[in-house]
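Take 335 as the starting number for the sequence shown in the working numbering and just add one per residue. For every residue, glycine included, the Cβ atom is placed at its ideal position computed from N, Cα and C.
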Amino acid sequence: MNTTTLITDLLHSHFSATLPLKHIVLVACGGSLVDMYPAHYFLNREARELRSYMMTANEFVCAPPRTLGPQTLTIVCSHGGNTPESVAAAQLAQQNGSATICLTHNSDASLLQAATSHILYEWGDTSQVVNNPMAIILSLCVNALNHTEGYASNSAFHHGMSMIDALISRARQKITARVEDFARRFADESLFYVLSSGASYGHAYGFAICSLMEMQWLNAASIHSGEYFHGPFEVTDHSTPWIVLVNEGLTRPLDERVVRFLAHHAEKTEIVDARELGLGAIDASVVDYFNPILFYSVMCDYRASLATIRQHPLETRRYMGKIEY
335 MNTTTLITDL
345 LHSHFSATLP
355 LKHIVLVACG
365 GSLVDMYPAH
375 YFLNREAREL
385 RSYMMTANEF
395 VCAPPRTLGP
405 QTLTIVCSHG
415 GNTPESVAAA
425 QLAQQNGSAT
435 ICLTHNSDAS
445 LLQAATSHIL
455 YEWGDTSQVV
465 NNPMAIILSL
475 CVNALNHTEG
485 YASNSAFHHG
495 MSMIDALISR
505 ARQKITARVE
515 DFARRFADES
525 LFYVLSSGAS
535 YGHAYGFAIC
545 SLMEMQWLNA
555 ASIHSGEYFH
565 GPFEVTDHST
575 PWIVLVNEGL
585 TRPLDERVVR
595 FLAHHAEKTE
605 IVDARELGLG
615 AIDASVVDYF
625 NPILFYSVMC
635 DYRASLATIR
645 QHPLETRRYM
655 GKIEY
């Protein structure tokens, strides 16, 4: 997926020296919104002038930011491409003069009708990670920043993207036995807390609401590693399961602090460490943004193993797509 060309063309066709790109709004629902968190985190950390907003689609429709207009790029993602809230968000963005990039897996999606530009991404076991929405949206925002104000680590970022598929493949081979052990140990649990920090906090949230709550009907909550010691750690005991996604990069000390505490005060823990899985091979200046891309693939194996042992297929739903809501 050539996101560089797409961004370059859009900047030339929609924006100008008198009306430059000032705002990027990332809009989606559920897992698609989770896919946007790394890009949002990247822009908040690296951009000096380009501002990022991340909103669930229905809130964007009901309470759009006042900055929405001709100097805004709105990126909307919907896997099936027909999520009503996301389609309405893209339409609203265009009505307000914003350029829109819409991402979906469905070539017949309603979402595409509200797209200035669109991306049909790959999906499935044979797809490359770099062609999945999380990596694509991050690449779009990296390229947008590089074109508007410059990004010193742009080359390092794209080199990291060239490495990530092979790195994830090796990581998944490494955890084969671990995910089976995890499933055996936690098969009968009904509540999980998932922790992480930095660009990966979004995936801690995503694993809780999508993989555990939606796909396994298990109670779950995400907690930022930096917030754990400001309230949540009071529920730590020897009977509650904790999953910690330990980042490689700047926020690693936050995750390690949680791990040290849990080692003394909890028994049911699963520590998934990006450094142990080889992410340190990516340049330190950009490695933070690759943690969630790694964790997404790895945690898919965790949830698949849990689903198998619980005999609860990941596709099973009782409300979603079944009733009116």
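Inter-residue spacing [alpha-carbon to alpha-carbon] between residue i and residue j
i	j	result
L437	G415	8 Å
G458	I498	17 Å
H493	D343	22 Å
Y375	Q447	29 Å
T574	V621	31 Å
A554	G540	10 Å
S441	G655	20 Å
P587	F520	27 Å
E568	S350	53 Å
A600	F526	13 Å
V463	S631	8 Å
D562	V592	In the sequence as displayed, the identity of residue 562 is Tyr instead of Asp. Whole-angstrom Cα-Cα distance: 7 Å.
Beta-carbon contacts of residue i that lie in its chain and below 7 Å, excluding the five residues immediately before and after
i	result
E419	C363, A391, N392, V395
E590	V580
Nonlocal neighbours in the same chain, by C-beta distance under 6 Å from residue i, ignoring five residues either side
i	result
G536	V368, Y371
L640	A517
F385	The residue you asked about is not Phe; residue 385 is Arg in the sequence shown. H357.
H452	C436, L446
E456	N465
Bridge partners - residue i, DSSP secondary structure assignment
i	result
T417	Answer by DSSP bridge pairing: none, since T417 is not bridged.
I310	No information on residue 310 is available, as it lies outside the stretch 335 to 659 that the chain covers here.
W576	Y527, T603
H558	S530
M389	V361
H452	C436
Residues near residue i by beta carbon distance below 8 Å, same chain, minus five either side
i	result
P331	It is not possible to answer for residue 331, since the shown part of the chain is limited to 335 through 659.
Q550	R637, L640, A641, R644, H646, L648
I341	L474, N477, A478, H481
Expected contact under 8 Å - CB spacing of residue i and residue j to nearest Å
i	j	result
L628	I471	About 16 Å separates the two Cβ atoms, so there is no contact after all.
H564	T450	Not a contact, Cβ separation roughly 42 Å.
T434	A443	Incorrect: roughly 13 Å between the Cβ atoms, too far for contact.
S432	L402	6 Å
Beta carbon proximity, residue i to chain D, threshold 9 Å
i	result
R594	As a matter of chain content, chain D is missing from the structure shown, which is built from one protein chain.
Cβ contact (3+ pairs, closer than 8 Å) linking the region 602 to 614 and the region 554 to 569: The region 602 to 614 is not in contact with the region 554 to 569.
Meets three-Cβ-pair contact criterion under 8 Å: the region 633 to 648 and the region 504 to 517: Three or more beta-carbon pairs separated by less than 8 Å link the region 633 to 648 to the region 504 to 517, which places the two stretches in contact.
Touch test, the region 349 to 357 against the region 394 to 408, Cβ-Cβ under 8 Å, three pairs minimum: yes
Three CB pairs or more closer than 8 Å across the region 602 to 609 and the region 481 to 493: The region 602 to 609 makes no contact with the region 481 to 493, as fewer than three CB pairs between them are under 8 Å.
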